[in-house]
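A.B. asks: Numbering (this note's numbering), first residue to last: 864 to 1318.
All C-beta atoms in this analysis are idealised placements derived from N, C-alpha and C, irrespective of residue type, glycine included.
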Amino acid sequence: MNTSSQLATAIRGSVITPTSSEYEVARKVYNGMIDRHPDVIVRCANVADVRTAVNFARQEGLTVAIRGGGHNGAGLGVCDHGMVIDLSPMKGVRVDPVTKTVRAEAGCTQADLNHAAQSFGLAVPAGIISTTGIAGLTLGGGTGYLTRKYGLSLDNLLEVDVVLADGRFVTASAQENDDLFWAIRGGGGNFGIITSFLFRGCPVDQVFAGPMLWEMENAREVLQWYRDVALTLPEELYGFFAFLKVPPGPPFPEELHHKTMCGIVWAYCGPLDQAEEAFRPVRKFRAPKFELTGPMPYTALQSMFDGIYAPGLQWYWRGDFVSEIPDQAIDEHLKFAAQLPTLQSTMHLYPVDGAAGRVGRHETAFSYREAKWSMVIVGVDPDPANAAKITAWTKDYWSALHPYSLGGAYVNFMMDEGIDRIKATYRDNYDRLLAIKRKYDPENFFHVNQNIRPD
Ligand SMILES: Cc1cc2nc3c(=O)[nH]c(=O)nc-3n(C[C@H](O)[C@H](O)[C@H](O)COP(=O)(O)OP(=O)(O)OC[C@H]3O[C@@H](n4cnc5c(N)ncnc54)[C@H](O)[C@@H]3O)c2cc1C
């Protein structure tokens, strides 16, 4: 029988067990609500370590969780008992300025990836918090400030290296193992462990960006204007809508601290000298109570809210894709926004139109190409005593808005919501995902995920 000390001798990275001094830190993920105790955590230094860990776990019959940035809301980057295969030490990034591509190892965060790309005037579309892992983000979709102009993260994926359940190492792209390449673009960690991603780099340098906030007494008007106008603006101009409480500190004026407000966070990625023109329709609308927009590097925008959402907070979210926001839905939004339970709890509407919407719904496993927004309602608080309160608010808010949605959610905004919700995410792509799962992972070795069950 293999033991973890035998495993340790075969691993270039590190093997952490419950008796290791690093264990308590290593088992934690971003969401402070998740409290799981794996038997062993393998911190991989390279592909060989990933293969060794997979083969060991398979031979020993261990449950395996895969960890990239650890940001998954449902805590899918860690399991009870079994093994965590942690790729976070694998942070190599190589930018090719000639082909304008970016090769990144699976442990990279968005900050790692775009720090390297920015130096060459490139960016890979990713999310709004720089500490999120590119692996989980990309394999589920990847929406953010560049979505309207350049598509989802997975729309910019050209190739991946994968360790399969049987330990084989394969490359998947449009030319090679194209079924696997189709499935991993939206199907998450169901099919194997991605060890590196090859992305198309998009030309992005300085952006003109930042938040505008309005008083809640104007929220109906702001949301109606946002609904009617925001997606008619040029695709270089992206704005996500939010209900929020104002953080109690600079740069916000004291009279706004803790106040519930609504806002739009803008990001214009076109030529800076045309930003003013792009913002003209925004400027014609009601002046915001507070504004903090200006030119900045894309990487600065990507880390703008990192301080508000530090790791370890209690976190419960629910999402849905949305294509219309009727006035009755706005009534419900206003009702629940008025009850925001804690300082960091929020509701965001992320645009997923433009370039993301021009990809066919069967071209990748990501199905909701007709959606206009990916909505997320998220209860957040540092205090575990408030876990029930933020969860109840999120569920009630979601239940009130779900009838106005397209019926399914972005897979990366799901908790443990059951097979029907997973099927609702993939719709008529589900059967093809199932066939590919049966081909590449018939024993369901990779099941700590939004699971496509081969049985
Ligand atoms: C603060 C915050 C902000 C966010 N903002 C955005 C946003 O703007 N846009 C957006 O689209 N999403 C956003 N998300 C959601 C995010 O995309 C998901 O939480 C995603 O799962 C995070 O990826 P990770 O690698 O950090 O997660 P992890 O918890 O490490 O992994 C999650 C799951 O991904 C799979 N996985 C991870 N690595 C691999 C791998 N190498 N091979 C195969 N499977 C793997 C596994 O199934 C794993 O269980 C945000 C999340 C948080 C917490």
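Is any heavy atom in ligand 1 found nearer than 6 Å to the beta carbon of Thr1006?
C.D. replies: Within the cutoff, so yes.
A.B. asks: According to DSSP, simplified to helix, strand and coil, what is Met864?
C.D. replies: Its pLDDT being 43, under 50, Met864 is placed unreliably by the model, and the measurement read from it follows with that caveat. Correct three-state label for Met864: coil.
A.B. asks: Have a look at Phe1071 and Tyr1231 and give me their C-alpha separation to the nearest angstrom.
C.D. replies: Answer to the nearest angstrom: the Cα atoms are 29 Å apart.
A.B. asks: Could you tell me the distance, in whole angstroms, from the CA atom of Asp1244 to the CA atom of Ala1037?
C.D. replies: If you take the alpha carbons of Asp1244 and Ala1037, they lie about 42 Å apart.
A.B. asks: Which of the three DSSP states, helix, strand or coil, is assigned to Pro881?
C.D. replies: Three-state result, Pro881: coil.
A.B. asks: Suppose the cutoff is 8 Å on Cβ atoms and the five residues either side in sequence are ignored; what does the same chain contact list for Pro1097 look like?
C.D. replies: The residues are Gly1133, Ala1141.
A.B. asks: Any heavy atom of ligand 1 closer than 6 Å to the Cβ of Leu1212?
C.D. replies: No, ligand 1 has no heavy atom inside 6 Å of this Cβ.
A.B. asks: For Ala1138 and Ala1130, what's the separation of their Cα atoms in angstroms?
C.D. replies: Cα-Cα distance, rounded: 10 Å.
A.B. asks: For Val892 versus Gly933, is the C-beta spacing smaller than 7 Å?
C.D. replies: Result yes, Cβ atoms of Val892 and Gly933 sit closer than 7 Å.
A.B. asks: Are the region 1191-1210 and the region 1256-1270 touching by the rule of at least three beta carbon pairs closer than 8 Å?
C.D. replies: Contact holds: three or more Cβ-Cβ distances are below 8 Å.
A.B. asks: Taking 6 Å as the cut-off, does the CB of Leu1027 come closer than this to any heavy atom belonging to ligand 1?
C.D. replies: Not so, every heavy atom of ligand 1 lies at least 6 Å from the Cβ.
A.B. asks: Starting from Tyr1161, follow the alpha helix (DSSP H) in both directions and report where the run begins and ends.
C.D. replies: 1161-1165 is the extent of the alpha helix (DSSP H) around Tyr1161.
A.B. asks: For ligand 1, any of its heavy atoms closer than 6 Å to the Cβ of Ala1234?
C.D. replies: Every heavy atom of ligand 1 is 6 Å or more from the Cβ of Ala1234, so no.
A.B. asks: Would you identify the three-state DSSP class for Tyr1131, choosing helix, strand or coil?
C.D. replies: Strand, per DSSP.
A.B. asks: Taking a contact to mean a Cβ-Cβ separation below 7 Å, would you say Ile879 touches Gly938 in this structure?
C.D. replies: No. Outside cutoff.
A.B. asks: Would you tell me roughly how many angstroms separate the C-alpha atoms of Gly1007 and Tyr1213, rounded to the nearest one?
C.D. replies: Cα to Cα, the separation comes out at about 7 Å.
A.B. asks: Is Pro881 buried or exposed, if buried means 16 or more other CB atoms sit within 10 Å of its CB?
C.D. replies: Exposed: under 16 other Cβ atoms inside 10 Å.
A.B. asks: Can you tell me where the alpha helix (DSSP H) holding Thr842 begins and where it ends?
C.D. replies: Residue 842 falls outside the range modelled here, since the chain spans only 864 to 1318, and no answer is possible.
A.B. asks: Enumerate, from N- to C-terminal direction, the unbroken beta strand (DSSP E) stretches of 3 or more residues contained entirely within the region 1058-1085.
C.D. replies: DSSP runs (the beta strand (DSSP E)) wholly in the region 1058-1085: 1069-1078.
A.B. asks: Among the residues of its own chain, which have a CB less than 7 Å from the CB of Glu1195, if the five just before and after it don't count?
C.D. replies: Excluding residues within five positions, the ones whose Cβ falls inside 7 Å are Ala1263, Leu1264.
A.B. asks: Under 6 Å: does the beta carbon of Leu985 sit that close to some heavy atom of ligand 1?
C.D. replies: No, since every heavy atom of ligand 1 falls outside the 6 Å radius drawn around the Cβ of Leu985.
A.B. asks: Between Ala1028, Tyr1089, His1121, which has its C-alpha nearest Val913's C-alpha?
C.D. replies: Nearest C-alpha to Val913: Ala1028.
A.B. asks: Tyr1273 and Phe1054: beta carbons closer than 7 Å?
C.D. replies: Cβ atoms of Tyr1273 and Phe1054: not closer than 7 Å.
A.B. asks: Is Glu1139 helix, strand or coil when you go by DSSP?
C.D. replies: Helix at Glu1139.
A.B. asks: Around the Cβ of Val888, are there at least 16 other Cβ atoms within 10 angstroms (buried) or fewer (exposed)?
C.D. replies: So Val888 ends up on the exposed side.
A.B. asks: Would you kindly check if the distance between the Cβ of Ile1282 and the Cβ of Trp1261 is under 7 Å?
C.D. replies: The answer is no: Cβ separation not under 7 Å.
A.B. asks: Taking the DSSP output, what are the residues bridged to Asp959?
C.D. replies: Answer by DSSP bridge pairing, in chain order: Thr964.
A.B. asks: My guess is that Gly1049 and Leu1017 are in contact by the Cβ rule of under 8 Å, so how many angstroms apart are they, rounded?
C.D. replies: Confirmed, about 6 Å.
A.B. asks: Does the Cβ of Ser868 have 16 or more other Cβ atoms within 10 Å, making it buried, or fewer, making it exposed?
C.D. replies: Per the 10 Å Cβ criterion, exposed.
A.B. asks: Would you call the region 1104-1123 in contact with the region 1075-1090, where contact means no fewer than 3 C-beta pairs closer than 8 Å?
C.D. replies: Flag = yes, the region 1104-1123 and the region 1075-1090 touch.
A.B. asks: CB-CB under 6 Å to Gly1217, same chain, minus the five flanking residues each way: which ones, in chain order?
C.D. replies: Only Arg1011, Glu1098 meet the Cβ criterion.
A.B. asks: Roughly how many angstroms lie between the CA atoms of Thr1209 and Pro1114, to the nearest whole one?
C.D. replies: Each residue's Cα considered, the two are about 19 Å apart.
A.B. asks: At the level of alpha carbons, what is the spacing between Gly1030 and Asp943?
C.D. replies: Whole-angstrom Cα-Cα distance: 23 Å.
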